[in-house]
Structure formats: C-alpha cells, structure tokens
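Numbering (our numbering), first residue to last: 30 to 180. In this text, a Cβ means the ideal position worked out from N, Cα and C, and glycines have one as well. Remember, predicted model here, so these are calculated numbers, not experimental data.
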C-alpha cells in the first residue's frame, strides 16, 4: 500500500517587503512582516503573525495562534506549543483547547527553547534550552527549566 504524500512549501502567506527565505520551509496561512529572515526547515502555521525585522533560524516550529513582535530573534530548534494536554492528552484537532502565545518586540529566544502558551513582554532574552511555562512581564534575561529571571 502506498503512503499519502504531502509537499512542504509556501501557501497562502502574506509577506511584507524584502523577505529572505532559505528552502525547504513549510509556511502556510501566516503573515510575515518586512525585512524578515526565515532559515531552512522552519514550519510556520496558519494564524501566526511575525513582525518586521525578525530572524527565525533553522528547524524552528511556530504553531498556530502565535504572535511574534518586531526585531525578534528565534534561535535554531525553538519550539512553540499551543496544546497543553489539559485533559491528559492531545486535543486531537479540537482547537478550542489550544491557547495563544504573544511575544513582544526585541525578544531573543535561544536555541532549543520551548515556549508554552504565554505572554512575553518587550526586551527579553530567553536562554538556550529554556522552557517558558509562565508569562514574562518584566524585561531581562531568563533561563532554565522552568525559565526564571537571572538578570
């Protein structure tokens, strides 16, 4: 029996000006602001908004319901999560169980960080490998699992 094959690509994306993309990528139903860079092997799903002058490095996964501000840096392998398994397992497509993530302006997120559905204010640095489980409402540097303010 033959498998069902799907193609990655760029479908139904609203782009600003001067966008640089390194293929392969999987971008669909999202909005990308002007002067952005998107590295290879990145997936950005529908209902995501990326602000201007934001750089997204390779292997990042940005799921539905994420908003990222202007002048941000998303490191290699950063994972955004919108399903908290609130009932003990995956929502299985029930999007009413998904939650939003809002990232402010001038936020840098280090490689392999995991960002749960939270709000992160402007002028924050998230260390590599950090796991952000709660809102970050004060500018500064955060690291660890769970992420805590270190500066």
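Could you compute how far the alpha carbon of residue 161 sits from the alpha carbon of residue 107? 11 Å
Could you tell me if residue 111 is buried or exposed, where buried requires 16 or more neighbouring beta carbons within 10 angstroms of its beta carbon? buried
Which residue comes first and which comes last in the beta strand (DSSP E) that contains residue 35? That residue, residue 35, is in no beta strand (DSSP E); it is neither H nor E in DSSP.
Note down the Cα distance separating residue 167 from residue 101, rounded to an integer number of angstroms. Rounded to the nearest angstrom, the two C-alpha atoms are 16 Å apart.
Rounded straight-line distance, which links the Cα of residue 63 to that of residue 49: The straight-line gap from Cα to Cα measures roughly 10 Å.
Take the Cβ of residue 169 as the centre, count every other Cβ of all protein chains shown within 10 Å, and call the residue buried at 16 or more, exposed below. Flag for residue 169 reads exposed.
Using DSSP with H/G/I as helix, E/B as strand and the rest coil, what is residue 125? helix
Terminal residues of the beta strand (DSSP E) in which residue 169 lies: 169-172
Please report how far the alpha carbon of residue 117 lies from the alpha carbon of residue 163, in whole angstroms. 19 Å
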